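Report on one structure; see the data block that follows.
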Amino acid sequence: HRLPGGKALFYGEDTNLPFAVRGPGVPKNITSTIPGVHVDLAPTFLDIAGLPQADWPPFLDGQSILAQWKNPTGDTGPGAGDGNSKETLAVEFWGSNTVEAPNGGELGAPFTNNTFKTVRILGDRQSWLYSVWCTGKAELYDTVADPYELVNLVGRPEHAALEQRLNALLLVTKSCAEGTCRDPWSVFNAAQPYNVTTDPTAPAEADKISNLAQALDPKYDAFFASFPRVAFKTCPQAQVVANEAPFYPAAAAQGLGLAHRRTMDSFVVTSAGVAIADKNLYGTPEQRNATLEQVYANARNLTDEEIAVPANGGAAVAKRWGVEPLPEWIRLGHD
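The sequence shown lines up with residues 238 to 572 when you count with the numbering used here.
Spelled out as structure tokens, the structure:
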């Protein structure tokens, strides 16, 4: 995507992170393709500690992945490969993004319209990436046929039914909480108490949807076509509930972890501390491939003259982000 390394986009380069695990019962030298996300870590650590699940905090959106660490070559359960809930991941971002490179400013950084909501399906047979930007633009990729996510399929007639399903799924995952994050497909089943649909074409108790392959059955075309499109009103620098309507189910607007959030009245904004004031850029292509031993061999302590409190509230940050003067949202500690 012609971008330096980063962490603020939904593409695989930014979101597919290596994670190494060792411990009792964890086999050696195995690479697992079973997906997991950062919100799964807290439940996993509680599981390792032996805390009964009934005693876990109620606000956890993830699930323990200890079992897949111990069986990394297993599958994701019923519907494996077809985009079941375990193979469904949410990616989201609010606010501004920059290009952390010397020419970031020349490229137009910071980009203040970087808010998006994304759902990624990671099955062997059903593997897709669908994202909606706060600008109204959308992207859809077949990550099996197009692993580098370069050919945007949004708007193509042959993918209209798929796009409707992924749009409905994104309506759920973008504002899910707790159980609906762990099993987003269950929201579409009319028998579930939190489903507010009265559409007679919705799945009945004996015909529940649990993966994307099932959802693509033509008998559900009218049901999924009835969902509103994921949308934003503007591109704010933070999460604003009213800006992210519509919600599905409607009660999700009152969720979003609000019951567990604390007041920000005690938040203290501090000025920048000690930072490198030298604005010169250093480094060569050879140094970017240096070993850690080589780095330490040439390391030295900085002098007092080389370290200074930035006069503009963040000279080092300005150098890193390639923008001067610094926008208020950077100076106030959003870096």
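Backbone N, C-alpha and C define an ideal beta-carbon position, used for all residues, glycine too.
Quantities reported herein were computed from a predicted structural model and do not represent experimental measurements.
Any non-hydrogen atom of the ligand ZN within 7 Å of isoleucine 302 CB: Because no ligand of any kind appears in the structure shown, any question about the ligand ZN cannot be addressed here.
Can you tell me which residues form a DSSP beta bridge with lysine 354? Glu329 and Val369
How is leucine 359 classed by DSSP in three states: helix, strand or coil? strand
Give me the Cα-Cα distance between alanine 245 and phenylalanine 330, rounded to the nearest whole angstrom. 7 Å
Roughly how many whole angstroms lie between the Cα atoms of leucine 406 and glutamine 476? 20 Å
Would you identify the three-state DSSP class for leucine 377, choosing helix, strand or coil? strand
Can you give the Cα-Cα distance for serine 508 and glutamine 363, rounded to whole angstroms? 49 Å
Taking C-alpha atoms, which residue in Val381, Gly273 and Leu303 lies nearest to glycine 287? Leu303
Return helix, strand or coil for phenylalanine 461, following the three-state DSSP convention. helix
Determine the burial state of phenylalanine 256: buried for a count of at least 16 other Cβ atoms within 10 Å of its Cβ, exposed for fewer. exposed
According to the Cβ coordinates, are isoleucine 358 and glutamate 324 closer than 8 Å? yes
With distances taken between CB atoms, is the gap from asparagine 404 to arginine 499 smaller than 8 Å? no
Just the C-alpha distance for leucine 493 and valine 258, rounded to the nearest angstrom, thanks. 30 Å
Taking Cβ positions, are aspartate 444 and serine 322 nearer each other than 8 Å? no
What is the rounded straight-line gap between the Cα of glycine 392 and the Cα of threonine 349? 26 Å
In this structure, how does DSSP classify serine 269 when only helix, strand and coil are distinguished? coil
Looking only at its own chain, which residues have a Cβ that is under 7 Å from the Cβ of leucine 344, when we skip the five neighbours before and after it? Val336
Local Cβ density within 10 Å of lysine 265, reported as buried at 16 or more and exposed below that: exposed
Provide the residue span of the alpha helix (DSSP H) that contains glutamine 476, from first to last. Careful: glutamine 476 lies outside any alpha helix (DSSP H) and carries neither H nor E.
Checking 8 Å against the spacing of the C-beta atoms, do leucine 377 and glutamate 395 come in under that value? no
Restricting to runs no shorter than 4 residues, where is the alpha helix (DSSP H) found entirely within the segment 287-312? 303-307
Looking only at its chain, what residues have a beta carbon closer than 6 Å to the beta carbon of glycine 243, apart from the 5 residues adjacent to it on each side? Asp251
Are the beta-carbon atoms belonging to alanine 482 and alanine 489 less than 8 Å from one another? no
Taking buried to mean at least 16 other C-beta atoms within 10 Å of its own C-beta, is aspartate 319 buried or exposed? buried
Alpha carbon to alpha carbon, what distance is there between alanine 327 and serine 423? 16 Å
Three-state secondary structure (DSSP) at serine 364? strand
To the nearest whole angstrom, what separates the beta carbons of proline 486 and asparagine 480, a pair I think is in contact under 8 Å? Contact doesn't hold; Cβ gap of about 19 Å is too wide.
Specify the secondary structure class of asparagine 526 as computed by DSSP and reduced to three states. helix
Determine the burial state of threonine 521: buried for a count of at least 16 other Cβ atoms within 10 Å of its Cβ, exposed for fewer. exposed
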